[in-house]
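Protein chains in written order, with our numbering: chain A, 1 to 738; chain B, 1 to 738.
For every residue, glycine included, the Cβ atom is placed at its ideal position computed from N, Cα and C.
Here's the structure, in structure tokens; my notes come after.
2 protein chains.
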Amino acid sequence: MNKFTLFLALFFINHQLFAEDLLGFSIDNSDFQKQLEADYDKYVNSEEMDDWLRYLSREPHHVGSLAGKKNAEYISNLLKSWGYEVEISEYHVLIPTPRIRELRMIAPSLYEATLDEDSLPEDPSTLIRENLLPPYNAFSTDGKVEGELVFVNYGMPQDYEVLERYGIDVEGKIAIAKYGRSWRGIKPKLAGEKGAIGTIIYSDPADDGFGVGDVYPKGPFKNESGVQRGSVMDMPTYPGDVLTPGIGATKSAKRLSFNEAITITKIPVLPISYRDALPLLSAMEGPVVPPEWRGDLPITYHLGPGPAKVKLNVEFNWETTVAYNVIATLKGSKFPDEWIIRGNHHDGWNHGAADPISGMVALLSEAKAIAQLAKMGHKPARTIIYAAWDAEEVGLIGSTEWVEDHANELRKHAVAYLNTDGNSRGFVNIGGSHILERFFNQIIEQVNDPILGISLKQRKQAFLRINSDSEQQQDDAENRNDIRINPLGSGSDYTPFLQHLGIASANIAFGGEGSGGSYHTLYDTYEHFTKWRDPGLIYGVSLAQVAGRATLRLANAERLPFEFGGFADNIQLYVDQLEDLANSMRENTIIQNARINDGTYKAALDPNKNVMPPKIKNNVPYFNFSPLRNAVTKLVNSANDFKALTKVNQEVNQEVNNLLYTIERLMTRNEGLPGREWYKHYIYAPGYYTGYGVKTIPAVREAIEQREFDQVENQINLSAEVVEKIAARIDAIIIAAN
Amino acid sequence: MNKFTLFLALFFINHQLFAEDLLGFSIDNSDFQKQLEADYDKYVNSEEMDDWLRYLSREPHHVGSLAGKKNAEYISNLLKSWGYEVEISEYHVLIPTPRIRELRMIAPSLYEATLDEDSLPEDPSTLIRENLLPPYNAFSTDGKVEGELVFVNYGMPQDYEVLERYGIDVEGKIAIAKYGRSWRGIKPKLAGEKGAIGTIIYSDPADDGFGVGDVYPKGPFKNESGVQRGSVMDMPTYPGDVLTPGIGATKSAKRLSFNEAITITKIPVLPISYRDALPLLSAMEGPVVPPEWRGDLPITYHLGPGPAKVKLNVEFNWETTVAYNVIATLKGSKFPDEWIIRGNHHDGWNHGAADPISGMVALLSEAKAIAQLAKMGHKPARTIIYAAWDAEEVGLIGSTEWVEDHANELRKHAVAYLNTDGNSRGFVNIGGSHILERFFNQIIEQVNDPILGISLKQRKQAFLRINSDSEQQQDDAENRNDIRINPLGSGSDYTPFLQHLGIASANIAFGGEGSGGSYHTLYDTYEHFTKWRDPGLIYGVSLAQVAGRATLRLANAERLPFEFGGFADNIQLYVDQLEDLANSMRENTIIQNARINDGTYKAALDPNKNVMPPKIKNNVPYFNFSPLRNAVTKLVNSANDFKALTKVNQEVNQEVNNLLYTIERLMTRNEGLPGREWYKHYIYAPGYYTGYGVKTIPAVREAIEQREFDQVENQINLSAEVVEKIAARIDAIIIAAN
């Protein structure tokens, strides 16, 4: 290399690599990769997707159904035909299907809930009801109970604080809760903890019905008969087969007894439509609900208890059922032991056109295109594994069992897991490990919105600028170069990869403009999807473009495209949030306790109403956050040092790559989070009392939120250790790379 | 006086006078006054109030009704019997009553609006319908129109900005608006300005119906048939008789022709119930309304236009009607030429138990008790005039005509005007001239809540601490000694006194815990009031205690109890708000225009929906606020100097008192506010586009809000002159007092 080319090379290192080159690729290989991606795009085909969508959502195909098994085979055959090595991996899992579902109001008037959804001539798919799972909540316990109703709003912890101020509790009562605000399983879990004997969950039209927009079939929203099915398994404790936590549910696996399965609800639960909720809620008395609790039914909402009294009776067939995961492998040409895993579930609650088939067809299109490229000589350098999971809906069961079953191999070989699920029209949403933040930002800078022709990133930033009501997000959208990818809680199949094993993961979807209340109802059909959610599957193509690029780049990058600047910045933000949380809780507690003690509440409350001041809360001590702060400082410094490693080494350094892709493992602790050993990730977890909603640095955050203040500093120390390990690993990578 | 007593006297001046003594009273006279007030309280009697309430609300008693005239005579006779010199002062005013009210949907389906309220066996008063004014909006113009409906939310300026983004206008259409958020007259005024040919106003159950609480008769809220009547006269231009602006509507007064009466609406208006609104709104199509526009009817709300098409036909009897004001005088024993005027209207839309009789009976009780004290030798030092106004509901007509008719005497003699109107249970609300802020704070420190036994001020502060969502109010409730009294906009009879003549005024009411949607409906009955709003009239007694103290203290104080510290502090706050308003509008305009120009809006909007970016707005220049700032500095200094005038001079200084009570006159400018000469007060005015809602330093504030930026500095200068005059007057008072 002469001086001039050295100058040029340095120039490119400093100015070009970041501006133009693909993360993890040398300049030459970047160009090659870009050409590959341009070819890839040509193979992605919405018409094919549409055919698959129509076929795979032709009839109900839940786990255990004949159509489900057929779909697995169909997917398997497709993948095989494209050249993948395919295996259908079977697990023997406990799946409840309903035998008895009865809900009857017995006072002050009689009403027998229909518990059924209307077939609509406008949507022929809804006439296909053979094999249809009726509305129920999977992993509700069996039970026959009778009691007065108490309206618990969304059934969240803060809702019970409000009820307490009205002197109302659910002890011995049946809680009726609105869907929304939390993962549904939280509602019976918390109601049960508070002494309720049963839970009814319904979709209020204010959240998911005529209040939001025209209802199906006139519009996309939930009509009066629609019921959201869904699992109420205690997934924040552990997901997957309830009898085999931590291990694969193979035929011979050692199983818990039914009674040891703590993730089954303690009390019976049943979901209903707002048509069935109306007579029950109308019959309630007691105090009128606080204004922010109101729904959109044409009644005055009351808290109860009673006089509405109901009998709830649910009983299930608890059957060991085979879940069929389709696992398709394309061996890497250079690094076959480094695996990029790319999954989407295939089981649906019913026809499941949006959820999950709209994501599945993008995955299939991607798999086909990549196979095509391979056939043309561009075989990926790393191994790609396409997975079509079964039994996701009932509790991430297919993926969890496979992950548990293959834990050791995965810990060793898995570079990343990329997930998709239902897709829709609108803006790109990426959640995932923040070591992938820059990586995904680069991708969405390079893929354009299919309608507006500007980059996905520009669209998303515009959206955040105009529509976000978070100051942080607004500020980020103006001033931060990269869009923050969302930390992942739970809700789809990335959970076992990310939170159980510490495999860098991401979840990709479009949404925000395709609307509807078809989720988990009879109306999640091909007709609904193609009319309301993604007509022409044009965002299905976008999804394949984004996910396909992510897969291909992870598979082909010389240096794995992980980056730590964004990660460090997000961790710093989380630590700021934790301190802010403690500070604001401390201040609010002091003020509120003072106002209780000095009679301010009493003076402000209506003496003619039976509303009490809040209860005195334990004061929030000051916590020593310095271990976390010091760890974050190290992390920021290490991340900065890593940024200086701009040049991709043409001699691929396998040690660097190995250190890179196993870094996410360091975010786990084998002991797991307090009270839920299965969840081992110390940076991201689904909230114990929110379910899907993420808690970052969860052990600390939940100790504060749940006012277990004596746990906080210990958890700060443990979390700081995790962060320190990451910083040290980054330093080791830098050394290994030089 | 020896040295020790001098020390004591000084001690009391410094430490006691402010802590204990009544504002404007020497120590001796304070004690006397307190005793007088203790005696006064003994004469205030809820049983008597209850009798009067029952009688005065026995049947509909609007202006022009026989019962209205009878009520005036009854009130007059009572006052006479207690020793007042009573006159019934008559004005000949134009009052429209409905002849034709028709609303018919003619497409896409047929519906004939009932336009009627249901009589309820549970409330015998609602069976008394003779003489009942059916639901209508007084001072709607006559008109027969036919057009498609457009849903305009609350019909406020910002609502039309939203419609514009959907490409929807009301040109040639009929606007259907929800009651609330603004004074009702704004809705047709603005709709008319935008080209609508008619306006329908309805009460949405989300604001005033089952959404809020149980409906009448089960609960207090508006049932499906209830309709809020009310005036839609353009009161922000001028209130009172539409034909005699600025002058008393005596029999011989020179009148405008009907066509010159600009305060009559330009387009026909009709109020309807939510029962009648439901079929109309259900039949509308077009875009679904934005989420914050939704109401609580069990439908998806659409913006239109159409296809719902209605015929609206309203015609009125435009008759010259006699309004009977009852004016009762008790001559002052020492300063008969200084008048304390105390008023409440007596006309109701229907039975009018809450509005206005609940306030009227407190006034009567007060008048009786004060007369009793006078008989016992404690005649007030100043003249007290009790007024029972007629024709308030249709447009503050009785009071306005009397004020206009007596303008010269009032300018000379009126010390203050104290208003009450409907009363309810709960917290004390005082609005008024801020030179009365300290005065009223002292009173509410000394009157206790009838249930909790703590002072009204403590209760109110507790309420603001716990319930206010304004940071300013929260902060004030923690840190400011005095509760800020609210600046007055409009909505009751203080308007002509305060805003036309510059007479220091206040409006006193309790509320916040008595609930209901009976306002201006058939259901504003004795039964409703005594069950839901103030059972036992215990807050009626509190109202008499507060208003009676205010009347007695103003009547007896040696030095008139005006104070300027609170006034200066509030003016300073208003100027801060004006600067903040200009700054935030400037910033928002820059950001929004930039986002329009750089395509951010376009990128964020759903390309499948026809929603456009906002329109470019004119940039907000920087304004020279220094004249106002300098004037406020002078005001603050003068107010501080005035505070040093602690000692009440035993030799009453009439010059000081005269300078004091005419100080509010200096807040007016004879030219009036821009575009509405009748409103002369330069500190307080009802908003031109809010109606009841106050605008402080209105000429400046509205020039900014309405983006008439070339007017702002001129109005700053004029407003500054007003503030300077007040400061100079305070200085003159200090000189006169020394």
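With DSSP collapsed to three states, give me the class of residue i.
i                      : result
residue 590 of chain A : helix
residue 314 of chain B : strand
residue 612 of chain B : coil
residue 574 of chain A : helix
residue 464 of chain A : helix
residue 249 of chain A : coil
residue 302 of chain B : strand
residue 516 of chain B : coil
residue 384 of chain B : strand
residue 548 of chain B : helix
residue 583 of chain A : helix
residue 455 of chain B : strand
residue 688 of chain A : coil
residue 244 of chain A : coil
residue 26 of chain B  : coil
residue 697 of chain B : coil
residue 563 of chain B : coil
residue 218 of chain A : coil
Using beta carbons (cut-off 8 Å, strictly below), is residue i in contact with chain A?
i                      : result
residue 297 of chain B : yes
residue 458 of chain B : yes
residue 165 of chain B : no
residue 595 of chain B : yes
residue 607 of chain B : yes
residue 300 of chain B : yes
residue 181 of chain B : no
residue 214 of chain B : yes
residue 724 of chain B : no
Determine, using beta carbons only, whether residue i and residue j come nearer to each other than 8 Å.
i                      : j                      : result
residue 506 of chain A : residue 552 of chain A : no
residue 441 of chain B : residue 604 of chain A : no
residue 460 of chain B : residue 510 of chain B : no
residue 317 of chain B : residue 533 of chain B : no
Against chain B, with Cβ distances strictly below 8 Å, would residue i count as a contact?
i                      : result
residue 716 of chain A : no
residue 288 of chain A : yes
residue 210 of chain A : yes
residue 755 of chain A : Only positions 1 to 738 of chain A appear in the structure, and residue 755 of chain A is not among them; the question remains open.
residue 467 of chain A : yes
residue 600 of chain A : yes
residue 120 of chain A : no
For residue i and residue j, which I take to be in contact (beta-carbon distance under 8 Å), what is that distance rounded to the nearest angstrom?
i                      : j                      : result
residue 308 of chain B : residue 280 of chain B : 5 Å
residue 282 of chain B : residue 354 of chain B : At roughly 32 Å, the Cβ-Cβ gap does not stay under 8 Å, so residue 282 of chain B and residue 354 of chain B are not in contact.
residue 200 of chain B : residue 297 of chain B : Their Cβ separation, rounded to whole angstroms, is 14 Å, which puts residue 200 of chain B and residue 297 of chain B out of contact at 8 Å.
residue 523 of chain A : residue 123 of chain A : 7 Å
residue 508 of chain B : residue 430 of chain B : 6 Å
Per the contact definition of three or more C-beta pairs closer than 8 Å, is the segment 364 to 381 of chain B in contact with the segment 65 to 82 of chain B? yes
For the structure I just gave you, are there three or more beta carbon pairs, one from the segment 536 to 549 of chain B and one from the segment 669 to 682 of chain B, closer than 8 Å? no
On the three-pair Cβ rule with 8 Å, is the segment 654 to 664 of chain B touching the segment 484 to 492 of chain B? no
Contact between the segment 514 to 523 of chain A and the segment 713 to 722 of chain A (3+ Cβ pairs under 8 Å): no
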